[in-house]
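Peer 1: This is the structure, below, for whatever I ask next.
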Amino acid sequence: MSAFNAAPEARFEPMLASDLDAVTALEQQVYPYPWQRHHFADCLASGYQAQLLMAGDSMLGYFVAMKGFEEVHLLNIAVAPAYQRQGWAQVMLDALTLWARGQGLQWVWLEARASNTRAIHVYKAHGFRTVGQRKQYYPCGGGPREDAVIMSLPLPQAGNPSL
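Residue numbers for the sequence shown follow our numbering, so the first one is 8 and each next one is one higher.
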């Protein structure tokens with residue numbers, strides 16, 4: 008059997024309120040300044056696009072995105088430590104951009120910590136461009152706040168490839 012055949016079959020599932028304990032636990036493993044359970048609950052209550060990436064009973068990752076006028080803003084994305092560096096972030100970004108195109112949206116926006124060079128590399132590999140900076144955007148444990156890199160991805164629509 009090849010390694011590919013042994014890989015788990017991944018699927019997307021909507022994030023539900025019943026998933027929030029597991030999502031929050033994963034968030035705390037991945038980020039030094041994690042979202043709290045109520046942040047995810049507020050996103051679900053607001054109807055944001057929130058998806059889990061699952062393989063069997065294992066949560067590989069998740070993303071949360073807020074739809075706006077002609078755009079979607081990626082608010083949070085995480086891959087479980089055991090599944091990092093395997094391309095799962097790209098899979099989730101593909102799913103988000105496919106969903107956004109299906110909604111007729113023209114842009115995906117996000118912020119990343121300036122120090123999170125690994126994430127910035129993943130976003131650039133996906134086609135995102137750095138378009139600006141938000142000064143002192145992220146908390147840093149009582150010290151000075153950290154800048155955010157603002158990135159965007161244009162989403163060409165069928166019949167309008169110039170975007």
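Ideal placement from N, C-alpha and C gives every residue a C-beta, glycine not left out. Keep in mind the model is a prediction, meaning the values are calculated, not measured.
Mind checking residue 101: buried by the 16 CB within 10 Å criterion, or exposed?
Peer 2: Per the 10 Å Cβ criterion, exposed.
Peer 1: Where residue 9 and residue 138 are concerned, what is the direct C-alpha to C-alpha distance, given to the nearest angstrom?
Peer 2: Since pLDDT at residue 9 reaches only 42, below the 50 mark, its modelled position is unreliable, and no value is offered.
Peer 1: Just checking my contact of residue 16 with residue 85 at CB under 8 Å: how many whole Å lie between their CB atoms?
Peer 2: No, residue 16 and residue 85 are not in contact; Cβ-Cβ is about 20 Å, not under 8 Å.
Peer 1: Inspect the beta-carbon positions of residue 66 and residue 55 and report whether they are closer than 8 Å.
Peer 2: In this structure, residue 55 does not lie closer than 8 Å to residue 66 by Cβ.
Peer 1: Check the DSSP bridge columns for residue 161 and list the partner residues they point to.
Peer 2: DSSP output for residue 161 lists 114 as bridge partner(s).
Peer 1: What beta strand (DSSP E) runs, 3 residues minimum, are completely inside the stretch 27–93?
Peer 2: The stretch 27–93 contains these whole beta strand (DSSP E) runs: 56–62, 65–74 and 78–86.
Peer 1: Does DSSP put residue 125 in a helix, in a strand, or in coil?
Peer 2: Correct three-state label for residue 125: helix.
Peer 1: When you compare each of 149, 151, 68 and 163 to residue 83 by their alpha carbons, which one comes out closest?
Peer 2: Residue 68 is the option with its Cα nearest to residue 83.
Peer 1: Report the three-state DSSP secondary structure of residue 136 (helix, strand or coil).
Peer 2: It is a strand residue.
Peer 1: Around the C-beta of residue 135, are 16 or more other C-beta atoms found within 10 angstroms, so that it is buried, or is it exposed?
Peer 2: Buried: at least 16 other Cβ atoms inside 10 Å.
Peer 1: Under the rule that 16 or more other beta-carbon atoms within 10 Å means buried, what is residue 105, buried or exposed?
Peer 2: The residue in question, residue 105, is exposed, as its Cβ has fewer than 16 Cβ neighbours within 10 Å.
Peer 1: Does residue 119 pass the burial test, meaning 16 or more other C-beta atoms within 10 Å, or should it be called exposed?
Peer 2: With 16 or more other Cβ atoms within 10 Å, it is buried.
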